[in-house]
Ligand code: AMP
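Numbering (my numbering), first residue to last: 1295 to 1481.
#1: Let's test the definition: count the other Cβ atoms within 10 Å of the Cβ of residue 1311 and tell me whether it reaches 16, buried, or not, exposed.
#2: Any heavy atom of the ligand AMP within a distance shorter than 7 Å of the CB on residue 1325?
#3: Would you say the beta carbon of residue 1474 comes nearer than 7 Å to a heavy atom of the ligand AMP?
#4: Taking 7 Å as the cut-off, is the beta-carbon of residue 1430 closer than that to any non-hydrogen atom of the ligand AMP?
#5: Going by the C-beta, is residue 1390 closer than 7 Å to any heavy atom of the ligand AMP?
#6: For residue 1325, I'd like the list of residues in its chain whose CB is within less than 6 Å of its CB, leaving aside the five on either flank, ordered along the chain.
#7: For residue 1417, which residues in the same chain have their Cβ closer than 7 Å to its Cβ, ignoring the five residues on either side in sequence?
#8: Three-state secondary structure (DSSP) at residue 1475?
#9: Determine the direct distance from the alpha carbon of residue 1334 to that of residue 1340, and round the result to whole angstroms.
#10: For the ligand AMP, any of its heavy atoms closer than 7 Å to the Cβ of residue 1321?
#11: Report yes if the C-beta distance between residue 1440 and residue 1348 is below 8 Å; otherwise report no.
#12: So residue 1408 and residue 1466 are supposed to be a Cβ contact under 8 Å. How far apart are they, rounded?
#13: Would you list the residues sitting across from residue 1298 in a DSSP beta bridge?
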């Protein structure tokens, strides 16, 4: 199964990816996690990505597309995977189509987590107290939400045209969100 989890920052994509991983044996591929690892290991890519991440901007397409193309060709992705935080631009979505087309692997579902902006900001500020993410402060959070609206939201239509989008109410108890998610993807 190939799943794409979409939604603004703080919508619960990471948490709910884990619910799916626990239920079905597929893996989670999070570009945010991969980039954070590269930053902490101070790799060449990490050094390039850090400034963009710290200000809430998107890391350039060619960088993230390269990471994903390499990752989904690996053997452990054969049974499927969850993309968490990718694609975020039209260019990324088109590159993903091309790669999956070459591998003969269709996307099964794109799930969109719907959460009002006020709640997103509250959740992200709460997270900043628990995890030390340099991009969870009010100014950067607002920029990330803005970038989502400008660059990522249009992907809803991209996948809607192909009848792949499933909307989930992402508010409330995470266990309830999980149940809605499982129903939407049929697991
Ligand atoms: P996330 O953990 O998904 O919220 O991602 C954290 C940060 O990593 C984002 O604000 C971007 O700077 C960068 N990032 C993660 N995924 C992508 C992507 N698909 N395209 C561009 N930048 C990304």
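Here a beta-carbon is modelled for each residue, glycine too, at the ideal position from N, C-alpha and C. On a predicted model such as this, the values are computed, not experimentally measured, just so you know.
In this structure, then:
#1: In the chain shown, the residue the question calls residue 1311 occupies position 17. With 16 or more other Cβ atoms within 10 Å, it is buried.
#2: Here residue 1325 refers to the residue found at position 31 of the chain shown. True, at least one ligand heavy atom lies under 7 Å from that Cβ.
#3: Mapped onto the chain shown, residue 1474 falls at position 180. No, the Cβ of residue 1474 stays beyond 7 Å of every heavy atom of the ligand AMP.
#4: The sequence position of residue 1430 within the chain shown is 136, counting from 1. Not under cutoff, so the answer is no.
#5: As a first step, residue 1390 must be located in the chain shown, where it is residue number 96. Residue 1390 Cβ: outside cutoff for every heavy atom of the ligand AMP.
#6: Within the chain shown, the letter at position 31 stands for residue 1325. Only 1358, 1379, 1380 meet the Cβ criterion.
#7: For the purposes of this step, residue 1417 is identified with residue 123 of the chain shown, where counting begins at 1. Cβ neighbours of residue 1417 beyond the five flanking positions: 1304.
#8: The count along the chain shown starts at 1 and reaches residue 1475 at position 181. Correct three-state label for residue 1475: helix.
#9: Along the chain shown, one-based indexing puts residue 1340 at 46. Along the chain shown, one-based indexing puts residue 1334 at 40. Going from the Cα of residue 1340 to the Cα of residue 1334 covers about 7 Å.
#10: Numbered from 1 along the chain shown, position 27 holds the residue referred to as residue 1321. No, the beta carbon of residue 1321 sits no closer than 7 Å to any heavy atom of the ligand AMP.
#11: Taking the first residue of the chain shown as position 1, residue 1440 is located at position 146. Taking the first residue of the chain shown as position 1, residue 1348 is located at position 54. No. Outside cutoff.
#12: Numbered from 1 along the chain shown, position 114 holds the residue referred to as residue 1408. Numbered from 1 along the chain shown, position 172 holds the residue referred to as residue 1466. With a Cβ gap of about 11 Å, residue 1408 and residue 1466 do not count as contacting.
#13: Working through the chain shown from its first residue, we reach residue 1298 at position 4. Answer by DSSP bridge pairing, in chain order: 1377, 1404.
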